[in-house]
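One structure is given below, encoded as structure tokens.
2 protein chains.
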Amino acid sequence: MGKLEVIAFDADDTLWVNEPIFIKTRERLESFISPYVDINKLEKKVYETEIKNLRLFGYGIKGFMLSMIESVIELTDGRITGNEIQQAIDLGKEMLEHPVELMPGIEQVLETLKDDYRIMMITKGDLFDQESKIARSGLAEHFEIIEIVSEKNEETYLKVLKRNKIDPSNFLMIGNSPKSDILPICKIGGRAIHIPFHTTWEHELISHHEKNGIEYEELPDVSLVPEFIKKLEQH
Amino acid sequence: MGKLEVIAFDADDTLWVNEPIFIKTRERLESFISPYVDINKLEKKVYETEIKNLRLFGYGIKGFMLSMIESVIELTDGRITGNEIQQAIDLGKEMLEHPVELMPGIEQVLETLKDDYRIMMITKGDLFDQESKIARSGLAEHFEIIEIVSEKNEETYLKVLKRNKIDPSNFLMIGNSPKSDILPICKIGGRAIHIPFHTTWEHELISHHEKNGIEYEELPDVSLVPEFIKKLEQH
Numbered sequence: 014m015g016k017l018e019v020i021a022f023d024a025d026d027t028l029w030v031n032e033p034i035f036i037k038t039r040e041r042l043e044s045f046i047s048p049y050v051d052i053n054k055l056e057k058k059v060y061e062t063e064i065k066n067l068r069l070f071g072y073g074i075k076g077f078m079l080s081m082i083e084s085v086i087e088l089t090d091g092r093i094t095g096n097e098i099q100q101a102i103d104l105g106k107e108m109l110e111h112p113v114e115l116m117p118g119i120e121q122v123l124e125t126l127k128d129d130y131r132i133m134m135i136t137k138g139d140l141f142d143q144e145s146k147i148a149r150s151g152l153a154e155h156f157e158i159i160e161i162v163s164e165k166n167e168e169t170y171l172k173v174l175k176r177n178k179i180d181p182s183n184f185l186m187i188g189n190s191p192k193s194d195i196l197p198i199c200k201i202g203g204r205a206i207h208i209p210f211h212t213t214w215e216h217e218l219i220s221h222h223e224k225n226g227i228e229y230e231e232l233p234d235v236s237l238v239p240e241f242i243k244k245l246e247q248h
Numbered sequence: 014m015g016k017l018e019v020i021a022f023d024a025d026d027t028l029w030v031n032e033p034i035f036i037k038t039r040e041r042l043e044s045f046i047s048p049y050v051d052i053n054k055l056e057k058k059v060y061e062t063e064i065k066n067l068r069l070f071g072y073g074i075k076g077f078m079l080s081m082i083e084s085v086i087e088l089t090d091g092r093i094t095g096n097e098i099q100q101a102i103d104l105g106k107e108m109l110e111h112p113v114e115l116m117p118g119i120e121q122v123l124e125t126l127k128d129d130y131r132i133m134m135i136t137k138g139d140l141f142d143q144e145s146k147i148a149r150s151g152l153a154e155h156f157e158i159i160e161i162v163s164e165k166n167e168e169t170y171l172k173v174l175k176r177n178k179i180d181p182s183n184f185l186m187i188g189n190s191p192k193s194d195i196l197p198i199c200k201i202g203g204r205a206i207h208i209p210f211h212t213t214w215e216h217e218l219i220s221h222h223e224k225n226g227i228e229y230e231e232l233p234d235v236s237l238v239p240e241f242i243k244k245l246e247q248h
């Protein structure tokens, strides 16, 4: 491994709370479609629809809204009314304006690290949603480089690092998703710290098989990152 | 003006056909909501809804789909059924997979210019949609730099040029939208060529007042660009 020069953070559920907003929205949806359908089926149906549509919609709230609408249409055999669908759209619009709740201590962490490292954000999702959240988070000034990508895999990371003239051996990624933030970075020769979040979207989970043989660090809390990196550098 | 070094192209309705796909979709929508509403109201309602939602959705097909759904719900006083809304969603999905129709002669133009200039694409819209269209267009290899932005104004252009270490005085932009491709470039000290497309979204048009005092070139056809630039450089 080379000298650590660049530290990159994932955004959703690493810098700020995200997945709980999706869950809360689905629960509010359940409350008004409950006259029509077995609401126990909704979670599974929405997830299946999202995965089926991923190829066409990509990640983000607008795709989620459309998948949510398709799910309730299917579960009600098309009996759901336009007015009720408008309510579902309004729920999605509220998500788009939801206040950004920062992870505790994150500003202090960024402040501490930027004296010694170049600090970067790499986030996956809808360009417009993510730019809006970055602006609302008030964190933008802490980052030298901000990259919004449509997918996080080895290919995208290599492209992003190349574009910014960063060697993977000088690079560390921090995030909550083993699938998107950790494994691809380890595979291209970078370092990674996994900080699990209490809720993670099913799609972002990995099996033991996928993790097979890949080593990475895990910390319970992002506030522990600066001290951990200090120790890492002393070895 | 400095020496011309970088030539950038807008994508939608400059490299490939875009706006007619939106128009065709709206017309197909009209055909199946005509039992409910005065279809003459649809175009205006969809446009108004798109503009109202722009602040939340940004540009792109998914936002258009949601605005289309909201429009038909409102125009039918919520009487439209789930099944019919599903038909509207299916129209949108077809848009997302619509074959990319290149402007005549565009590959030859790019091929010619890249011997003497750095070639760039700057496109506005949904990250996922645009990446998908770029891949399907087969044009990616012609571009040294591809930038997808959520809005095209002076601020974004300055950011994009700075990130790529390009001075506006060495930069020329080519596009179909006076508002997004031409005026902001002229204002930051770059050069621009306007190539009008036969249909332009109302939102992209500008008034005489906005154009006031700003000079730019206009060509009827993108295939004329290489020869025009050759003459420009001889002066």
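These protein sequence lines map, in sequence, to chains P and X. Taking my numbering, I'd label the letters of the first sequence as residues 14 to 248. Taking my numbering, I'd label the letters of the second sequence as residues 14 to 248. Yeah, the Cβ is synthetic: ideal placement off N, Cα and C, and Gly gets one too. None of these values were measured; they are calculated from a predicted model.
Do residue j and residue i have their beta-carbon atoms positioned less than 9 Å apart in this structure?
| i | j | result |
| --- | --- | --- |
| N189 (chain P) | F156 (chain P) | no |
| F22 (chain P) | W214 (chain P) | no |
| E63 (chain X) | F77 (chain X) | yes |
| I102 (chain P) | E83 (chain X) | yes |
| A24 (chain X) | I135 (chain X) | yes |
| H216 (chain X) | P191 (chain X) | no |
| I187 (chain P) | I20 (chain P) | yes |
| V235 (chain P) | I147 (chain P) | no |
| E56 (chain X) | R39 (chain X) | yes |
| I227 (chain X) | Q99 (chain P) | no |
| K54 (chain P) | L104 (chain P) | no |
| E61 (chain X) | T212 (chain X) | no |
| D139 (chain P) | D139 (chain X) | yes |
Quick test of your reading: residue i and residue j, contact by CB under 8 Å. State the CB separation rounded to the nearest angstrom.
| i | j | result |
| --- | --- | --- |
| G203 (chain X) | P181 (chain X) | 4 Å |
| L250 (chain X) | I198 (chain X) | Absent from the structure is residue 250 (chain X), since the part of chain X shown begins at 14 and ends at 248. |
| V59 (chain P) | S80 (chain P) | 6 Å |
| N177 (chain P) | K16 (chain P) | So it is not a contact: roughly 17 Å between Cβ atoms. |
| G95 (chain X) | R92 (chain P) | 6 Å |
| K158 (chain X) | M133 (chain X) | The sequence shown places Ile at residue 158 (chain X), rather than the Lys named in the question. Yes, I158 (chain X) and M133 (chain X) are in contact; Cβ-Cβ is about 4 Å, under 8 Å. |
| V30 (chain P) | V122 (chain P) | V30 (chain P) to V122 (chain P), Cβ: 16 Å. No contact. |
| S193 (chain X) | K137 (chain X) | 6 Å |
| A205 (chain P) | L185 (chain P) | 7 Å |
Secondary structure at residue i, three-state DSSP: helix, strand or coil?
| i | result |
| --- | --- |
| T38 (chain X) | helix |
| H207 (chain P) | strand |
| T136 (chain P) | strand |
| V173 (chain P) | helix |
| D129 (chain P) | coil |
| T27 (chain X) | coil |
| F156 (chain P) | coil |
| V85 (chain P) | helix |
| V50 (chain P) | coil |
| G188 (chain X) | strand |
| E228 (chain X) | coil |
| V113 (chain P) | coil |
| I179 (chain X) | coil |
| I20 (chain X) | strand |
| T94 (chain X) | strand |
| I161 (chain X) | strand |
| T62 (chain P) | helix |
| P233 (chain X) | coil |
| G15 (chain X) | coil |
| I74 (chain X) | helix |
| I242 (chain X) | helix |
| I201 (chain X) | coil |
| L69 (chain X) | helix |
| G105 (chain P) | helix |
| L55 (chain X) | helix |
| L79 (chain P) | helix |
| L218 (chain X) | coil |
How do the region 66-73 of chain P and the region 139-154 of chain P stand: do at least 3 beta-carbon pairs fall below 8 Å, yes or no?
yes
Specify whether the region 111-131 of chain P and the region 234-242 of chain P touch according to this definition: at least 3 beta carbon pairs, one from each stretch, less than 8 Å apart.
yes
Tell me, please, whether the region 149-164 of chain P touches the region 108-117 of chain P by the rule of three or more beta-carbon pairs shorter than 8 Å.
yes
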